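Following the working numbering, the numbering of the sequence shown begins with 472 at its first residue and continues without gaps.
We treat Cβ as the ideally placed atom computed from N, Cα and C, and that holds for glycine.
Computed from a prediction, not measured in an experiment: that's the story for all the values here.
Following: one structure in structure tokens, then a few remarks.
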Amino acid sequence: MVPAFTPHFTAERLAFHPADPFHGPSPLLVLVGEGDVLCGADGSPLLSSFPEDPAPEGSLFIGSLDGRPVFAAGVDTVPVGLRPVPLRDLFGMVGDEELGIAGRAVQYVDFDRTHRYCGRCGAATLMKEDEIARLCPSCGLVVYPRLSPAVIVRVTDGDAILLARSPHFPAGRYSVIAGFVEPGENVEHAAQREVMEETGVAIRNLRYFGSQPWPFPHSLMIGFTADYAGGDLCPDGLEVEDAGWFTADALPDLPGPASIARALIEDWLAGQ
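Put into structure tokens, the structure is as follows:
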């Protein structure tokens, strides 16, 4: 039986734009340090009691969970009683909904921190009151949180799967092919282009698999499966330093279970 795909880092129960966000039960807060999420004594990143005001100055409303407003705020120091945990390390420690909310909070706080000045005229920006965006009071430019779509493709040929190694991976690790969508192209073209550019392989029968938010730092992974259509393996030496065809009984070290890359591989293994 093929396992169901679980898109981790997805907040499915969180209402992003509730009709009445500021009235109702007591709020929840996600505090974000430099790449870390601050967790309470119970290990949860969703804080319902904390040493500061429930909505600190500069906090961002990021949604409503079961009627409770959820805010995110960046901090420079760790309040007593809280523990910083890297976002990646929260996987397996908390439920998928909490993980998704934490990922959303990290991305919004990062956006708020990195867009304090206008990219067009250099003036200090302000947070818009009616949405999560930064407004330049000098030239009127409005900037929204960045989201970078990327394709990730599982290519197979008979009983073999194409896996590649990035020079940035841990030693011995291989994964399926991935790359960012560029201006002027659709995701199908991006999938074909990335596989060809990075490995020299042509693909056919491109099929949609699923998508996953990937807040490292702000990607949306769009997954596909495809069949080998020709070409000799020729790693580009930049994005990919090595690539090969692997069978189910001779796989290298694989990506972690939180990623859609691993889900694509596990889905293939289930059919072998």
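Annotation for Ser682: Ile693 place their beta carbon closer than 6 Å to its own, counting only its chain and skipping 5 residues before and after. Across the set Val508, Gly571, Gly534, the C-alpha of Gly571 shows the shortest separation from the C-alpha of Ala482. In the DSSP assignment, Ile603 falls outside any beta strand (DSSP E), carrying neither H nor E.
For Ala662 against Leu677, the beta-carbon gap comes to about 6 Å, under 8 Å, which counts as contact. Counting along the chain, the unbroken alpha helix (DSSP H) around Phe582 starts and ends at 567 to 585.
Annotation for Thr718: the continuous beta strand (DSSP E) segment containing it runs 713 to 718.
DSSP, reduced to helix, strand and coil, places Met667 within a helical segment of the structure shown. In this structure, Leu500 keeps its C-beta atom at 8 Å or more from the C-beta atom of Gly511. If you check the CB distance, Pro726 and Ala714 do not come in under 8 Å. Nearest C-alpha to Ser609 among Arg617, Gly552, Ala595, Ser619: Ala595. Counting only the Cα atoms, Asp507 lies some 33 Å from Thr696. Taking a 10 Å sphere around the C-beta of Tyr579, we find 16 or more other C-beta atoms and assign the residue as buried.
The criterion of a C-beta distance shorter than 8 Å is satisfied by Ala621 and Leu691. The criterion of a C-beta distance shorter than 8 Å is not satisfied by Ser497 and Arg554. Restricting attention to Phe476, Phe687, Gly671, Phe680, the CA atom closest to the CA of Glu712 is found in Gly671. In the DSSP assignment, Ala700 falls within the beta strand (DSSP E) that extends over 690 to 701. DSSP links Ser535 through a beta bridge to Ala486, Pro540.
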